[in-house]
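Student: My questions all concern the structure below.
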Amino acid sequence: MSRFANKVAVVTGASRGIGQSILLAFAREGAHTVSVNIGDHSETAEKVASLGGKFTGITADFGKMTQADAKDIVAQITSAAGRVDALVNNAGIIKRNPAVDFLEEDWNSVIQINLTAPFFLCQAFAKWWLSGGREQSPADARLKIVNIASMLSFQGGILVPSYTAAKSGIAGITKALACEWAKERINVNAVAPGYIATENTRPIREDEKRNESILARIPEGRWGTPEDIAGSCVFLSSKEADYLNGTIMNVDGGWLSR
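By our numbering, the letter at position 24 of the sequence shown is numbered 19, and the numbering carries on one by one without gaps.
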């Protein structure tokens, strides 16, 4: 398939896990893929090359990202790839501790990486689009932004107050930006993964009681995989989703329906 032939898809935190799966899904659809993360790009680059795709790696520290940094990232990407058609804000971290003992540094780092940096990137890409990117694009082209939310955009969770706050914020800014930018041919939506088997969720999966209780509630009866998330991100970034704006798409095996 080649729904994204001659298009550029940017995915943050694409060195592993969900982010890497999302980026590879775009590569399979013919996109020039761009990974933005603090880690090593080599594994993802090799996997894209094996698909015959084009890849660009941009190094960025989301823990320190400012508005100026976000603007510079956009400049680097447009210099290397010429344009941007889709941005998926996936990069994130999680810290676990009881709320009464939660450290200030852990609160700040999670909010910075999971909420502040994605907002600055949304803002910087929208500015690029509104200040010339749109005019350089086909008449029916749209800028697609997909934020990665969470089940904790809707629920409280246990031992993760900063993560819950950040992911609730992601759901909120997704709707707020959609309200402002829909008329500008910018679609802002989010995907809310359920319980996905990644490094972030390893401590829960290794807790026998928690793991058993989680599986008992998921109608699908299994943990999700990173690949389960990728297709939703590609769809929301495609032309088929042009009339979707401000949507939070739950990909959770039925967790929230229970």
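C-beta: ideal position from N, C-alpha, C; glycine also.
If you're wondering where the values come from, they're calculated on a predicted model, not measured in any experiment.
Comparing alpha-carbon positions, which option in F(-1), H27, K59, S10 lies nearest D35?
Tutor: The candidate whose alpha carbon is nearest that of D35 is S10.
Student: Taking I88 as part of the alpha helix (DSSP H), name the residues at either end of that continuous run.
Tutor: Unbroken run through I88: none, as it is neither H nor E.
Student: Please list the terminal residues of the continuous alpha helix (DSSP H) segment that includes N1.
Tutor: Annotation: N1 is outside any alpha helix (DSSP H) and is labelled neither H nor E by DSSP.
Student: Note down the Cα distance separating V43 from D96, rounded to an integer number of angstroms.
Tutor: 43 Å
Student: Can you tell me whether F149 is helix, strand or coil according to DSSP?
Tutor: coil
Student: Would you mind working out which of T196, A177, S145, K234 sits nearest D247, comparing C-alpha positions?
Tutor: S145
Student: Measuring alpha carbon to alpha carbon, tell me which residue in N85, G77, I140, R129 is nearest N109.
Tutor: N85
Student: Start and end of the beta strand (DSSP E) containing T51?
Tutor: 49 to 54
Student: Can you grab the Cα-Cα spacing for the pair F114 / F(-1), in whole Å?
Tutor: Spanning the two alpha carbons is a distance of roughly 25 Å.
Student: Per DSSP, N32 is paired with what?
Tutor: In DSSP, N32 forms a bridge with T54.
Student: Counting beta carbon pairs with one atom in the region 122 to 139 and one in the region 225 to 241, are three or more of them shorter than 8 Å?
Tutor: yes
Student: Among A65, V29, V83, M60, which has the Cα closest to the Cα of A75?
Tutor: V29
Student: For N184, which residues does DSSP report across the bridge?
Tutor: V141
Student: If I measure Cβ to Cβ from T51 and keep anything under 8 Å in the same chain, skipping five residues before and after, which residues do I get?
Tutor: Result list for T51: H27, T28, V29, S30, I72, A75, A76, in chain order.
Student: Can you give me the C-alpha to C-alpha distance between L19 and V155, rounded to a whole angstrom?
Tutor: 29 Å
Student: Rounded to whole angstroms, how far is the Cβ of G249 from the Cβ of A173, which I believe are closer than 8 Å?
Tutor: Between A173 and G249 the Cβ distance is about 26 Å, and since that is not below 8 Å, they are no contact.
Student: What are the boundary residues of the beta strand (DSSP E) that V246 is part of?
Tutor: According to the DSSP assignment, V246 belongs to the beta strand (DSSP E) that extends over 243 to 246.
Student: How close, in whole Å, do the beta carbons of I68 and A119 come, if the pair is a contact with beta carbons under 8 Å?
Tutor: I68 to A119, Cβ: 7 Å. Contact.
Student: If I'm right that V105 touches A161 with Cβ under 8 Å, what's the distance once you round it to whole angstroms?
Tutor: 6 Å
Student: Whose C-beta lies closer than 7 Å to the C-beta of G151 among residues of the same chain, with five residues either side of it excluded?
Tutor: T159
Student: Put I213 into one of helix, strand or coil per three-state DSSP.
Tutor: coil
Student: As a quick exercise: from T54, I199, S227, pick the residue whose alpha carbon is nearest that of R91.
Tutor: I199
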